[in-house]
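K.L.:
Okay, here's the structure, questions in a sec.
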Amino acid sequence: MLSRDEFDYVPFYCEENIWRLLGRGTLTGTRAWALLVSNAERRVLFMRQRSGRPVDGLIQWDYHALALVDDPLEGYQVFDLDSELGFPCPLQHYVQSTFPDDLSAPVLPLFRALPARDYVAGLVSDRSHMRRADGSWKAPPPPWDHPGAGKQLRNNLMEWTDMGRKRPGRVLSLAALRSLALSGRANDRRLPR
Numbered sequence: 051m052l053s054r055d056e057f058d059y060v061p062f063y064c065e066e067n068i069w070r071l072l073g074r075g076t077l078t079g080t081r082a083w084a085l086l087v088s089n090a091e092r093r094v095l096f097m098r099q100r101s102g103r104p105v106d107g108l109i110q111w112d113y114h115a116l117a118l119v120d121d122p123l124e125g126y127q128v129f130d131l132d133s134e135l136g137f138p139c140p141l142q143h144y145v146q147s148t149f150p151d152d153l154s155a156p157v158l159p160l161f162r163a164l165p166a167r168d169y170v171a172g173l174v175s176d177r178s179h180m181r182r183a184d185g186s187w188k189a190p191p192p193p194w195d196h197p198g199a200g201k202q203l204r205n206n207l208m209e210w211t212d213m214g215r216k217r218p219g220r221v222l223s224l225a226a227l228r229s230l231a232l233s234g235r236a237n238d239r240r241l242p243r
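Each residue of the sequence shown is one higher than the last, beginning at 51 in the numbering used here.
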């Protein structure tokens, strides 16, 4: 059993938390993906989030990052360090508990699935999205180097959370993720290799 406490975590830096989780090697030998969640409005409602309102954990994120792992015994498992749900959490339970059934089209989540190795190797974030106009931090940054530090690469986090772009990875609808959760490996072709 993995514990949430075994992984690096800094609030409001979900993309880096997942980058560290997937890059750590704990999940070596399993098929894993980063799932970046957003939509055209950059308004996604999540339930059961630790930073959400009391009782139901409802919060609106502009984007969120989590990991999806294909466990040979348990099926697809979600690793969401910000969730109140189990860690890891079966995909079907996570989807049912996290995304309200009555969501309207503008706020329906979309999921960019990237193979873990591609996410870890390719994510570049200079953390500029976490700075206010005056240069101060919206939330204190993690103590580790940012993804892509020391490389001559362009910041790509906001591009990757733009669900209008077809690449990298593959963009899935909430319906497609629900279908994957219900039928498991029968729909495995939906996830990039």
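Idealized CB from N, CA, C, for every residue including glycine.
All figures in this text were calculated on a predicted structure; none of them were measured in a lab.
Out of curiosity, what's the CA-to-CA distance linking S233 and P61?
P.N.:
Roughly 33 Å separates the two Cα atoms.
K.L.:
Going by DSSP, name the residue or residues bridged to R34.
P.N.:
Nothing can be reported for residue 34: it is not among the residues displayed for the chain, which extend from 51 to 243.
K.L.:
Using the beta-carbon count (16 or more within 10 Å), is A166 buried or exposed?
P.N.:
By the neighbour-count rule (16 or more Cβ atoms within 10 Å), A166 is buried.
K.L.:
Determine the direct distance from the alpha carbon of N205 to that of V170, and round the result to whole angstroms.
P.N.:
For V170 and N205, the distance between alpha carbons rounds to 14 Å.
K.L.:
Looking only at its chain, what residues have a beta carbon closer than 6 Å to the beta carbon of N67, apart from the 5 residues adjacent to it on each side?
P.N.:
Cβ within range, chain order: Y59, L131.
K.L.:
Pairs of beta-carbons, one from the stretch 135 to 148 and one from the stretch 183 to 196, closer than 8 Å: are there three or more?
P.N.:
No, because fewer than three Cβ pairs between the stretch 135 to 148 and the stretch 183 to 196 fall closer than 8 Å, the two stretches do not touch.
K.L.:
Does the count of Cβ pairs from the stretch 170 to 189 and the stretch 97 to 109 closer than 8 Å reach three?
P.N.:
At 8 Å Cβ cutoff, the stretches do not touch.
K.L.:
I need the DSSP call for H196, collapsed to helix, strand or coil.
P.N.:
Reduced to three states, the DSSP call for H196 is coil.
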